[in-house]
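Undergrad: This is the structure I have questions about; it appears just below.
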Amino acid sequence: MLFYEPLFLFLFGPAVYLLYLFLGEVRARRAVILLAASVVFYAWSEPVFIFLVFASVGLDLYVAQKIADAPQHDGDKKRKLWLALGVVANLAILVYYKYTGFLALNLDAVLKALTLPGINIPQIALPIGVSFIVFEKITYLVDVYRGVTAPARRPLLYGLYVFFFPKLLAGPIIKYHDIARQFEAMPHADVDDFIVGFSRFMLGVVKKLLFADTLASGADLIFAHDVSALGFAEAWAGVLFFTFQIYFDFSGYSDMAIGLARMFGFRLLENFNMPYVATSITDFWRRWHISLTSWIREYLYFPLGGNRRGEARTYLNLWICFFASGLWHGAAWTYIAWGAYNGVFLVLDRLFLVNRLQRLPDWLANVIAMIIVIVGWTFFRATSLTQAGALLALMANPWAHASAPVAIPPEYVVVALIAAAICVAQRLSLYVKDFNWGSAAQRYALASNSALSMLFVAALAKGLADPFKPFIYFRF
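The opening position of the sequence shown corresponds to residue 8 in our numbering, with each subsequent residue numbered one higher.
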């Protein structure tokens, strides 16, 4: 069930919201309504996998209580064993569903290269949002072990944390201790929550349907073409289409998730902060998918030793973290290459690159950072490393001309130019003292909300007329 489908917009969403407002006088009842709605929301897309999630939720609750009950002074070994059990059980779900086919495919290739019999490659459907669900569940167990949070007071609260439908399918990744108090309080939404939340939700729908889906068609047109028939302009067009597509697609989902949660009275942390104004790769990752970057820092980088074991180990830890980030994004060599590539530039940032970029004008540092990011997105979108390499070779050769030019519809180019203009406006806004986009929207609320409402209606009309395109991050 997609947030912008008629089923959600005109039936499921309004029904759940009205039940929450008018039947939820008691906090416990509001929690039950929200949990039941979240379970139905997920079961609509994953009617089988949901039972495995239920079982793993029960295991998490049991393991967390065992960790908390073990005596601190002499039970640390026992606590570590319980934590290891919970983490391994959750990772096993992720590995089985996401990586079994990839591992089997590569093992089959190695065996055949050695002239040995191959193996059957299993076909395992990837459940929507499995990576986000598993990461949040691991977060809960680790935080209980660290003493950051106590075990959930009631199974209902932890179930709501796992299944909360606004963020369930593609984040933001939420830490239990960041939202536990809100789930315990179960706020009653007011008019301001509805206005602010629905405005944010409309913005997300506009980003997704008017921008991301149009740009996706442009990217698909180029990446589905025979690379040998493309030229310099076509290669850059395809990668730029995708560069803007993934930003408007994923930030659009985050806007919808944050807006929906706000309509129910909950505050989720921001997940994007104008990433395409970044002046280095380090700056980019502070602004892009903030919840994932925060997760990697707290639950992988610090346990590896962070920057406490010397410079060489710090660089290795950074690279490992972003290599793992690439693997988390998908079971394919293209994602692994993308993660390793970003890891290399994060290390280069710490070695010398940030200092060099800081000596340049901000706009020039931004251009250089964006070229690095765009090259990375080429790996991320490509169907194979071979295709990525061929596209990058074309992008580096201004004299390469297409042998069979691709007819790109002009509306794709227009939307891409508007998307680029929005990102340029974000960069220019940094030079205006005390400027804030949210504050500006509130100051001119009538004009901004009127324009947003018209764009929202146009987005819905486009969504009804064109085939639905799922969010990019649903497959992660």
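Every residue, glycine too, gets a C-beta built ideally from N, C-alpha and C. Since the structure is predicted, the reported quantities are computational estimates derived from the model, not experimental observations.
(1) If you drop the 5 nearest sequence neighbours on each side, which residues of the same chain put their C-beta closer than 7 Å to that of A111?
(2) Against chain C, does M402 count as a neighbour if the rule is that its beta carbon must be under 9 Å from one of theirs?
(3) Which of the three DSSP states is assigned to F230 in this structure?
(4) What does a CB cutoff of less than 7 Å around S52 pick up in its chain, not counting 5 residues either side in sequence?
(5) Have a look at L462 and P54 and give me their C-alpha separation to the nearest angstrom.
(6) Using the Cα positions of R316 and A75, report the straight-line distance between them to the nearest angstrom.
(7) Where do the N-terminal and C-terminal ends of the alpha helix (DSSP H) with N97 fall, by residue?
(8) Could you give the distance in angstroms between the alpha-carbon of S410 and the alpha-carbon of V213?
(9) Can you tell me whether Q252 is buried or exposed? The criterion is at least 16 other CB atoms within 10 Å of its CB, across all chains shown.
(10) State yes or no: is the C-beta of A344 within less than 9 Å of the C-beta of L392?
(11) Alpha carbon to alpha carbon, what distance is there between G350 and L30?
(12) With distance defined between alpha-carbon atoms, name the residue in S261, W340, R86, Y147 nearest to E277.
(13) N314 by DSSP, collapsed to three states: which one?
(14) How many whole angstroms separate the CB atoms of T286 and L364, which I take to be in contact at a CB cut-off of 8 Å?
(15) With a threshold of 8 Å (Cβ to nearest heavy atom), would L41 be considered close to the ligand ADP?
(16) By DSSP, does A111 sit in helix, in strand, or in coil?
(17) Pull up the CB-CB distance for G470 and Y11, whole angstroms please, since I reckon it's below 8 Å.
(18) When the Cα atoms are used, what is the spatial distance from L164 to E32?
(19) Tell me whether L247 is buried or exposed, calling it buried when 16 or more other Cβ atoms sit within 10 Å of its Cβ.
(20) Is G87 buried or exposed, if buried means 16 or more other CB atoms sit within 10 Å of its CB?
(21) Just the Cα atoms here: how many angstroms apart are G346 and F172?
(22) CA-CA distance, K84 and R388?
(23) Pick helix, strand or coil for S460, following the three-state DSSP scheme.
(24) Locate the alpha helix (DSSP H) running through D473, then write down its first and last residues.
(25) From I303, I40, M402, pick the residue whose C-alpha is nearest to that of A22; which is it?
(26) Under the assumption that L216 contacts V422 (Cβ atoms under 8 Å), give the Cβ distance between them as a whole number of angstroms.
(27) Take every Cβ of the region 372-385, pair it with every Cβ of the region 200-207, and state whether three or more of those distances are shorter than 8 Å.
(28) What did DSSP end up calling Q252 once you bin it into helix, strand or coil?
(29) Report, in whole angstroms, the separation of the C-beta atoms of V234 and V60, which I expect to be a contact under 8 Å.
(30) Could you give the residue range of the alpha helix (DSSP H) that holds R207?
(31) Which runs of the alpha helix (DSSP H) fall wholly inside the region 127-211 and span at least 4 residues, in chain order?
(32) Under the three-state reduction of DSSP, which class applies to Y106: helix, strand or coil?
(33) Any chance the region 140-149 sits against the region 62-78, with 3 or more Cβ pairs inside 8 Å?
(34) Using a 10 Å radius around the Cβ and a threshold of 16 neighbouring Cβ atoms, would you call G245 buried or exposed?
(35) Nearest-angstrom Cα distance between D441 and G396?
TA: Straight from the coordinates:
(1) I126, I128, P129
(2) Any reference to chain C falls outside this structure, which holds one protein chain only.
(3) Shown here, F230 sits in a helix according to DSSP, grouped into three states.
(4) M8, I135
(5) 34 Å
(6) Spanning the two alpha carbons is a distance of roughly 30 Å.
(7) 83-101
(8) 36 Å
(9) buried
(10) yes
(11) 50 Å
(12) Nearest C-alpha to E277 among S261, W340, R86, Y147: S261.
(13) coil
(14) 6 Å
(15) For the structure depicted, the ligand ADP is absent and the ligand set is empty, with no information on it obtainable.
(16) helix
(17) 5 Å
(18) 17 Å
(19) Here L247 is buried. Its C-beta has 16 or more other C-beta atoms within 10 Å.
(20) Residue 87 is actually Lys in this sequence, not Gly. Result: exposed.
(21) One Cα belongs to G346, the other to F172, and the distance between them is close to 28 Å.
(22) Inter-residue distance for K84 and R388 is about 44 Å (C-alpha atoms, whole angstroms).
(23) helix
(24) No alpha helix (DSSP H) holds D473; DSSP gives it neither H nor E.
(25) I40
(26) No, L216 and V422 are not in contact; Cβ-Cβ is about 11 Å, not under 8 Å.
(27) no
(28) If DSSP states are grouped into helix, strand and coil, Q252 belongs with the helices.
(29) A Cβ-Cβ separation of about 40 Å leaves V234 out of contact with V60 under the 8 Å criterion.
(30) Per DSSP, R207 belongs to the alpha helix (DSSP H) from 198-213.
(31) For the region 127-211, the continuous alpha helix (DSSP H) assignments of 4+ residues that do not extend past its boundaries occur at 137-153, 162-170, 172-175, 183-192, in sequence order.
(32) helix
(33) yes
(34) buried
(35) 43 Å
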